[in-house]
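Engineer: Residue numbers (our numbering): -6 to 391.
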Ligand code: IPM
Ligand code: MG
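1. Given 7 angstroms as the limit, tell me if residue 111 has its C-beta closer than that to any heavy atom belonging to the ligand GDP.
2. Do residue 318 and residue 76 come within 8 angstroms of each other at the CB atom, strictly closer than that value?
3. On the CB-based measure, 16 or more other CB atoms within 10 Å of its CB, does residue 249 come out buried or exposed?
4. How many Å lie between residue 341 and residue 120 at the Cα?
5. Say yes only if the C-beta of residue 138 is nearer than 7 angstroms to one or more non-hydrogen atoms of the ligand IPM, and no if none qualify.
6. Can you tell me whether residue 300 sits near the ligand MG, meaning its C-beta is under 7 angstroms from at least one heavy atom of the ligand?
7. Mind checking whether residue 267 and residue 132 have CB atoms under 8 angstroms apart?
8. Could you spell out where the alpha helix (DSSP H) holding residue 38 opens and where it closes?
9. Count Cβ pairs between the region 341 to 361 and the region 310 to 329 that sit closer than 8 angstroms; are there 3 or more?
10. Can you give me the C-alpha to C-alpha distance between residue 23 and residue 188, rounded to a whole angstrom?
11. Does the ligand IPM have a heavy atom nearer than 7 angstroms to the CB of residue 262?
12. In this structure, how does DSSP classify residue 105 when only helix, strand and coil are distinguished?
13. Distance, Cα to Cα, residue -1 vs residue 356?
14. Check each candidate in 225, 45 and 39 and name the one with the smallest Cα separation from residue 308.
15. Between residue 205 and residue 194, how many whole angstroms is the CB-CB distance? I'm expecting something under 8 angstroms.
16. Write down the C-beta distance between residue 144 and residue 390 rounded to the nearest angstrom, noting that I regard them as a contact closer than 8 angstroms.
17. Report the residue from 237, 128 and 142 whose alpha carbon sits nearest the alpha carbon of residue 161.
18. Is residue 149 near the ligand MG, going by C-beta to nearest heavy atom under 7 angstroms?
19. Give the range of the beta strand (DSSP E) segment to which residue 155 is assigned.
20. Check residue 98 in the structure and name its three-state DSSP category.
21. Pick from 300, 350, 49 and 124: whose alpha carbon is nearest that of residue 87?
22. Using a threshold of 8 angstroms, state whether the C-beta atoms of residue 118 and residue 258 are closer than that.
23. Count the CB pairs spanning the region 64 to 78 and the region 13 to 31 that are closer than 8 angstroms, and state whether there are at least three.
24. Which same chain residues end up closer than 6 angstroms to residue 348 when comparing Cβ atoms and leaving out the 5 residues on each side of it in sequence?
25. Distance, Cα to Cα, residue 173 vs residue 3?
26. Which residues share a DSSP beta bridge with residue 237?
27. Sort 6, 37, 8 and 10 by Cα distance to residue 332 and report the nearest one.
28. Among residues of its own chain, excluding the 5 on either side of residue 298, which ones have a beta-carbon nearer than 8 angstroms to its beta-carbon?
29. Taking the alpha-carbon of residue 65 as reference, which of 351, 110 and 34 has the nearest alpha-carbon?
30. Rounded to a whole number of angstroms, what is the C-alpha to C-alpha distance between residue 142 and residue 296?
31. Would you decide whether residue 393 is buried or exposed? Buried here means 16 or more other CB atoms lie within 10 Å of its CB.
32. Given this structure, state the Cα-to-Cα distance separating residue 197 from residue 136, to the nearest angstrom.
33. Near residue 255, which residues of its chain fall below 7 angstroms by C-beta distance, leaving aside the five closest residues on each side in sequence?
34. Could you tell me if residue 186 is buried or exposed, where buried requires 16 or more neighbouring beta carbons within 10 angstroms of its beta carbon?
35. Which runs of the alpha helix (DSSP H) spanning at least 4 residues fall entirely within the region 222 to 292, listed in chain order?
36. Measure the beta-carbon distance from residue 260 to residue 273 and round it to whole angstroms, keeping in mind my assumption that it falls under 8 angstroms.
This is the structure:
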C-alpha cells in the first residue's frame, strides 16, 4: 500500500513539473504588448459577479459610460456585459470559469470584474477554484498593481504583486497523500519573477522614484523566494539609477504600521501570497479594502477589480444598495489610464479623493444611515464635472 501511495504522489508531482515546464517555454516565447491606441473598438467586458457585485459593477459602468460618452458614440469604446460569472453558473459547470464565459472574456480587451464568491471546503458550493485566480492565470495577468495613497500622512505606495505563480498557481493542485499527510506547492520561475520585477523597476525609473523594495521570506523559503531575490539582483543591474533593498515579509508587515518608516517605502514588489496579505494591510491606512482598486495586467489582456469580496453578509441583511462602490470605481479609473484616457482617469481619481476622503457631502456607511451606491455615484459624477475640481483637490491634499 505504501508503495502505491508514493507512486501516486510521484506521478502527481511529475505532472505538475511537466505543466510548469510547458508554461516556462510559453513565457520564453514572449508576446507583444497590445496597443490600445490602434484598437477600435476597445471592448470593455463588465462581469457582474456575486453578492454586492452587480450593484457596484453597474454603478461603476454607469460612471465610466458617462466619462466615455463621446468615445462610445464614436465607436472607439464598447461596453459588453458578461453575466455568466456567478457562483450559481460556475457551480453548475463545476468550473472556476465556464468555457463559454471564458470565450466571452477572451473576446474583450479589458475586463471590469465585480467580486465573485470563492468557495472553501465545507461550504454549500463545490470547492472550485476562485474565479479571480483562474482568470489571472487563463489570461496570463501576471502583474497585480495596487496603489495606496494617503497624501496627508505621506503614504504613497505602489505594490507590484506577482499574480500568476507563487502559492497560488497550484493552490488547487495540492495532494492529500494520506489522511495524515497533505502537500501544497509553491512555484517561482525565472521568467515569472523577471517580468514582475522588471515592471516594478521600470515604474520606479519612469516616475523618478529612487527606491524599490523587494519582499520575500528567502531566509526560510529558500528555493522559490531565493530565486525571486536572485532575479531581483539581476534585474536591478539594468536600473543603476534605482536603489533597491530586500526585506522579509514579517518585518515588512510590522514596519508598515511604523509612521516613521512606512513613508520611505514607495515601490514594493513581491510574490503572490505576500502581496495578497500586505496589500490588504496597506489598504487599511487609506480607509479599508473598500477604497482600494486593483489592476491585473498582462500583455494581451487586463482585468480591473475591487480588492474586497462579495459581502454576502450585507446581502443577507438586505443592505446591498448601501455597498461602497469606491473600490471598483477606483479600479475603473486605473482601467481608464491603462487604455489611454489619462485625463479622465485623473478626474475620476480626484473626485474619489474629494468625495470619499475630504469633502464628504455624502458618506457611505454600509447601512441606511448613509448614502446608497447610486447616490454616491451621482455625487462622484457631479464632482468630475466641477471645473474647479483640480484646485479643490489640491487644496485638500496639501
Ligand atoms: C485578492 C483576493 C483574492 C486573492 C481572493 C478573492 C482569491 O483576496 O484579490 O487579493 O487572494 O488574490
Ligand atoms: Mg486579497
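C-beta atoms are modelled at their ideal positions from N, C-alpha and C, and glycine is treated no differently.
Given the structure is predicted, the values throughout are model-derived calculations rather than measurements.
Structural biologist: For this structure:
1. You won't find the ligand GDP in this model; what it holds is the ligand IPM and the ligand MG.
2. In this structure, residue 318 does not lie closer than 8 angstroms to residue 76 by Cβ.
3. buried
4. Looking at the two C-alpha atoms, the distance is approximately 38 angstroms.
5. no
6. yes
7. no
8. First-last for residue 38: 35 to 40, but that is the beta strand (DSSP E), not the alpha helix (DSSP H).
9. yes
10. 10 angstroms
11. No, the Cβ of residue 262 stays beyond 7 angstroms of every heavy atom of the ligand IPM.
12. In the structure shown, residue 105 sits in a strand (DSSP, three-state: E or B).
13. Using only the alpha carbons, I get a separation of about 58 angstroms.
14. 45
15. 6 angstroms
16. 4 angstroms
17. 128
18. Because no heavy atom of the ligand MG lies under 7 angstroms away, the Cβ of residue 149 does not count as near it: no.
19. 148 to 155
20. helix
21. Comparing Cα positions, the closest option is 124.
22. Residue 118 places its beta carbon 8 angstroms or farther from that of residue 258.
23. no
24. 372, 373 and 376
25. 17 angstroms
26. In DSSP, residue 237 forms a bridge with 205.
27. 37
28. 105, 106, 107, 108, 125, 286, 287, 289, 321 and 324
29. Here the closest residue by C-alpha is 34.
30. Residue 142 and residue 296 have their C-alpha atoms roughly 21 angstroms apart.
31. The structure shown does not extend to residue 393, since the chain is modelled only from -6 to 391, so the question has no answer here.
32. 15 angstroms
33. 148, 248 and 249
34. buried
35. 242 to 248, 252 to 255 and 265 to 279
36. The Cβ separation is near 18 angstroms, so there is no contact.
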